[in-house]
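Protein sequence lines correspond, in order, to chains A and B. Each step along the first sequence adds one to the number in this note's numbering, with nothing skipped, and position 353 is 353. Counting the second sequence from 1 gives a position; this note's numbering is that position plus 1000. We put the beta carbon where it would ideally sit given N, CA and C, even for glycine. Below is one structure, written out as structure tokens, with a few remarks after it.
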Amino acid sequence: MTASTGKVVTQLAWLGAIREPREALAWSLADWERVVRVARRLRLLARLAESLESAGLLEQVPVEPRQHLIAEQRLSRFRIAAMQWALDRIRAVIDDPAVTLVLLKGAAYLGQGLPIAAGRMPSDVDILVPLDQLADVRARLLAAHWAHTELDEHDQRYYEQWSHEVPPLVHAVHPIELDLHHNILPPTARTKVDASLLLARLRPSRWPAWQVFDPVDQVLHSAAHLFYDSEIRDRVRDLVDLDGLFRHFGARASFWDELPARARELGLVEPLALAVHFCVEWLGTPVPDGVRGALVDGGLARSRRRWLVPMLGTILMPQEPDERSSWQRGAASWLFLARYHRWRMPWHILLPHLARKARLRAGLSPER
Amino acid sequence: MNHAGPTPVSTLGAIPIAAVLAALRGRGLWIELGAAVLRVQGDAPGLVAQLQSVYRCHPFLTQSGWADLHVRIERPHGLRRWLRPQVVFESDGRVPFEPFPADTALPLLEWGTNWLIGQRLNHLLLLHSGVVERGGRTMVLPAMPGSGKSTLTAALSLSGWRLLSDEFGAFDPVERMFRAVLKPVALKNASIEVIRRFAPEAHLGPEFPKTRKGTVAHLAADEEAVRRRHESAAPGAIVLPRWQAGSPTRLEPLAPQSVFGAIAFNAFNYKVLGAVGFDAVVHLVRTCPAYQLIYSDLADAIARLDELWARLP
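Structural data, given as structure tokens:
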């Protein structure tokens, strides 16, 4: 490990307390103040609270931070309950064994009762149905009083043609938004995933009618979601999720054999390589050496590694609470956004789309 | 529970302006509200004088082992630093609101901090109400539109009642006690003149004429309220005020079930707290007698409430 990587790990050392809550008992009040502020922003504070409570250690935390842990725990449990209730009602509305209903991301972790399900802070529910069932499912949801938020014609076209999801759905009675997908990545992107490959390997969840991706595909989806999304600030939580998934599913030896092969099949080798790199370097995730070597050396061309990894590292690293944004972070963010846009849409769609957004932001009318 | 380092020497109102300015531009100013500690930093023009006015009795703290809320009120970079200048509210890396005009730094701090409190303090049930205390029991004044809750809360705090908060009924569901969230009482529009007439000696901060709620001014918490900010207080009674022009003072008892809604559904975090919130409100409406107070004369209304308190079981 280089000196800079050593520093990186120290800055994130507090994350270890999520898995080993006893470590938190050694923290000073100043340590706690920093962790409460950063963890809340990273949406990991409730995760820490649940770990401490499960270990029977919450009462030993000083009262000042303990109040914040309890407060965040309540918020998390409320949102998790809202998610479960929404999923139950959606299942009741669809109520058709011919329809394939798949849980994604947080909903999937909850639906499988994974260790990383505790302490989540969901702001929306992500589900997926096959493309040929999308119109039907959407119609049934709209009939059950789910509704799209107001969108103009351009935004509607954006979603219909250039996106892997329909516009967000809201419901008067449910406090949580619904994101209905038909694929895990946008159809216009440079990296295309064949959704039918994912749908061919579904597994049951603990909830009737709801299925989840094969564990290997869940890991790949999480990695793709992290490294192919427009917003990477404060996404350390996704690395923590990946670490949790690697540890949980990686207990099965065949998982590590299947993972690289499936990544190649789906065209997701780069995000997987990046995920493995950062999880190992920053979180100490146990990944078998052979797998790690093959992925990182094979998955990341040396030239990309020289600029891509440091750039991602700069943005992924959470800002300290009273730290002002550095020029490096600003430059890295700009580069990252440029890379994302170039990946997300071909030039002929991207440029008009960005021009339109710029006009809207400047308060002008969207059409010329 | 140890909140700060050595005993503070003086109050915010008594300290030279340069010292407060240095604190705001440096590591910050710590303000103890009771249920939470607020740390403020920033270079917003005018904020120093405004804080010294409306937090005048609060101790001047330039260090502390803990703050619950970390807030910056500062001038933005770029054009709006100079052109029709603005100020921005930032907390822990997030900017939750649109900027305010630079001459309304204090309202931005007050409303922004209230928003943070409503979002964060979920270890307590946060009723939307004024809370004052007398003889160890609290009077809860739920905020309903047109109730004049703030005016009445301010007047009570100037008439021998200890102020806990004009906005938050911060109820600890475990201890079953109310805690202070001691910030200045926010008065709007006509209320400002009403309180000026009611208590000419009362210390009102500067008026802010063009906010989105009209004209706003703040009544500083007095020395006793500040001194007792860490003292929790037992529930006493619930009073739903309604100001009605020309009306004689009437105090009418209300059944618990008719108050449940006013308390529960008005609370900032009732939904989030789920069963804990429900049980807490049930406890409150069962143990606290409840009244509707209809009045037009402030002094007369307070006299009736004083009377009520003397008779409280």
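| Item | Value |
| --- | --- |
| Cutoff 6 angstroms; reference G1130/B; Cβ partners in own chain excluding five residues on either side | L1141, K1149, T1153, D1166 |
| For I127/A and V102/A, believed in contact at Cβ under 8 angstroms, the rounded distance | 6 angstroms |
| DSSP bridge partner residues for F1168/B (one or two, in chain order) | H1128/B |
| Distance between P175/A and L1127/B (C-alpha atoms, nearest Å) | 20 angstroms |
| Residues bridged to P1142/B [DSSP beta-bridge criterion] | S1129/B |
| Bridge partners - Q211/A, DSSP secondary structure assignment | V102/A, P204/A |
| Under 8 angstroms by beta carbon: chain B residues contacting R37/A | H1070, D1092 |
| Contacting residues, own chain, Cβ-Cβ under 7 angstroms from A172/A (five flanking each side not counted) | H145 |
| A1290/B - containing alpha helix (DSSP H), residue span | Run containing A1290/B: none in the alpha helix (DSSP H); it sits in the beta strand (DSSP E), 1290-1295. |
| Chain A within 9 angstroms of N1114/B, Cβ atoms only | no |
| Interface flag, E1307/B vs chain A, CB-CB below 9 angstroms | no |
| Minimum Cβ-Cβ distance from Q67/A to chain B less than 9 angstroms | yes |
| Beta-carbon contacts of E1207/B that lie in its chain and below 8 angstroms, excluding the five residues immediately before and after | I1192, T1215, V1216, A1217 |
| Sequence-distant residues of the same chain with beta carbon closer than 8 angstroms to L300/A, five excluded per side | E270, A273, L274, H277, L308, V309 |
| Complete runs of the alpha helix (DSSP H) confined to the segment 99-170 of chain A [at least 4 residues] | 105-111, 131-143, 153-162 |
| Per-residue DSSP class, three states only, for W1030/B | strand |
| C-beta atoms of F25/A and Q60/A nearer than 9 angstroms | Strictly speaking, residue 25/A in this sequence is Leu, with Phe absent from that position. Yes; because the gap between Cβ atoms is below 9 angstroms, this pair is in contact. |
| Interface flag, V1040/B vs chain A, CB-CB below 9 angstroms | no |
| Under 8 angstroms from the C-beta of P1272/B: neighbouring residues of chain A | The amino acid occupying residue 1272/B in the given sequence is Val; Pro does not appear at that position. Within chain A, the residues near V1272/B are R74, L75, F78. |
| Local Cβ density within 10 Å of A1237/B, reported as buried at 16 or more and exposed below that | buried |
| Meets three-Cβ-pair contact criterion under 8 angstroms: the segment 282-297 of chain A and the segment 152-162 of chain A | no |
| Beta-bridge partners of W1161/B, as assigned by DSSP | In the DSSP output, where bridge partners are listed per residue, W1161/B has none listed. |
| Interfacial residues, the segment 1117-1139 of chain B to chain A, with Cβ spacing under 9 angstroms | Q1119, R1120, L1121, N1122, H1123, L1124 |
| H1070/B to R329/A span [Cα, whole Å] | 22 angstroms |
| Among W256/A, D124/A, R235/A, the one whose alpha carbon lies nearest that of L295/A | W256/A |
| Contacts of P321/A in chain B (Cβ-Cβ under 8 angstroms) | H1070, D1092, G1093 |
| Near-chain A residues of the segment 1055-1083 of chain B - C-beta to any C-beta below 8 angstroms | G1065, W1066, A1067, D1068, H1070 |
| Closest Cα partner of V1239/B within the set E1098/B, P1107/B, Y1291/B, G1065/B | Y1291/B |
| Under 7 angstroms from the C-beta of E231/A: neighbouring residues of chain B | Here the premise fails: no neighbours, minimum Cβ distance about 14 angstroms. |
| Cβ shell of L242/A (< 6 angstroms), same chain only, five flanking positions each side left out | S222, A275, C279 |
| Under 7 angstroms by beta carbon: chain B residues contacting L29/A | G1065, W1066 |
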